[in-house]
Each structure stands twice: as C-alpha cells, then as structure tokens.
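Chemist: Dropping a structure here in structure tokens format, bear with me for questions.
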Amino acid sequence: MRIDIAAVGRLKKGPEAAMVAGYLERFARTGRRLGLPPVGMVEVEDRRASGMVAEAEMLARAIPAASAVVMLDERGEQPCSAEFAARLAGFRDSARDLCFVIGGADGLEPAFRARADWQISFGRMVWPHMLVRVMLAEQLYRAATILAGSPYHRA
C-alpha cells in the first residue's frame, strides 16, 4: 500500500509546514506497526497555468495509477475521526493505494471532483488550503492512534 497527498501549491517553511511534518512523522511511527506506510507529499504548481481546470490536470497527473482517491471538498461527507480511521483501515486491508487530493484556493473542478472514491470535508466552513494540509496530517495521525488503541484520541 502507498499513501500520498497531492496538493496544489508549495508549503513554505513556517508553522504549517512544521505541523504537517510533525504529524506525518508521528503517523509514520504509529502506522508502521499497523501496516500503514509513511505518507508521501506531491505538490503541484505552475505559475503560467491557473484556474481549477489547469489545477485538475496537474493533480490528475500526480495521482498514482489505480489509487483510491479521497478529495477534500467543502461539499463532501463529514466523517467523525473514528469513521475516518475505519475507512483508512479498509483501504489498507484491501491493499489499495490511497491518494488524498487538496485543491487550490478556488477548490476542485467539478468534473475532476466527480472522480473521487470518497469526498470529505472538515466542516461547512471554508478553510485555507494550506491549513487543510495540517488538518489532514493530524487526522491521519489520529486515525493511526485510533487503530492502535492509543489514548491520544478521546471520544
């Protein structure tokens, strides 16, 4: 199994980058015992091409072939952390590669979004796409701790 995050834009050094790195490092340590690989990050950006269609084309090229695709979108389902962990375990148990997709500031192009195996949202509010990376990294770590029976997650 392989897990990737494909995202529009480059995360520059700063608090968001430090938090993403920290949570993904914790995920790698915890996930290893659970058969979950470290998460890879693919950042796409082309200053000459802009807009949702161009971003969708770049993101589509970044998604590994045959991966299950989870797109983060404000219109997606709003799973609780335990439901997210269960879905992650399901992808692992089916030995299916997994790619989380985070669009740019304008979101994901509708036809591209329709390709998703699962669309999720971190709430009805709109979040900055760079902050969504932090939230996703934390939820991946939280999911691993739930699957491991760790006390980190208190429901």
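Sequential numbering of the sequence shown, starting at -10, is according to this note's numbering.
Using N, Cα and C, we set each Cβ at its ideal position, and we do this for glycine too.
Bear in mind the structure is a predicted one, so any value in this text is a computation, not a measurement.
1) Span of the alpha helix (DSSP H) holding residue 20?
2) Which value, in whole angstroms, describes the spacing of the CA atoms of residue 141 and residue 134?
3) Spatial neighbours of residue 136 within its chain, please: CB distance less than 7 Å, with the 5 preceding and 5 following residues excluded, ordered by chain position.
4) Would you list the residues sitting across from residue 29 in a DSSP beta bridge?
5) Kindly indicate which residue of 120, 143 and 138 has the alpha-carbon position closest to the one of residue 10.
6) Please go through the stretch 84 to 119 and give each complete alpha helix (DSSP H) segment of 4 or more residues, from N-terminal end onward.
7) Hey, how far is the Cα of residue 131 from the Cα of residue 70?
8) If we call anything under 8 Å between Cβ atoms a contact, is residue 31 one with residue 98?
9) Go ahead and label residue 67 buried or exposed: buried means 16 or more other beta carbons lie within 10 angstroms of its beta carbon, across all protein chains shown.
10) Check whether the stretch 51 to 64 touches the stretch 78 to 92, counting contact only when three or more Cβ pairs, one atom from each stretch, lie closer than 8 Å.
Modeler: Quick answer:
1) Stepping through the sequence shown from its first residue, residue 20 is reached at position 31. Start and end: 4 to 21.
2) Here residue 141 is taken as the residue at index 152 of the sequence shown, counted from 1. Here residue 134 is taken as the residue at index 145 of the sequence shown, counted from 1. Between residue 141 and residue 134, the alpha-carbon positions lie close to 6 Å from each other.
3) Working through the sequence shown from its first residue, we reach residue 136 at position 147. The answer, listed in chain order, is 23, 74 and 78.
4) For the purposes of this step, residue 29 is taken as the residue at position 40 of the sequence shown. Per DSSP, -7.
5) What you label residue 10 is simply residue 21 of the sequence shown in a count that begins at 1. Check the Cα spacing between residue 10 and each of 120, 143 and 138: the tightest is with 120.
6) The stretch 84 to 119 contains, as complete alpha helix (DSSP H) runs of 4+ residues, the segments 99 to 102 (chain order).
7) Here residue 131 refers to the residue found at position 142 when the sequence shown is read from its first residue. Here residue 70 refers to the residue found at position 81 when the sequence shown is read from its first residue. Each residue's Cα considered, the two are about 7 Å apart.
8) What you label residue 31 is simply residue 42 of the sequence shown in a count that begins at 1. What you label residue 98 is simply residue 109 of the sequence shown in a count that begins at 1. Contact: no.
9) The count along the sequence shown starts at 1 and reaches residue 67 at position 78. So residue 67 counts as exposed.
10) yes
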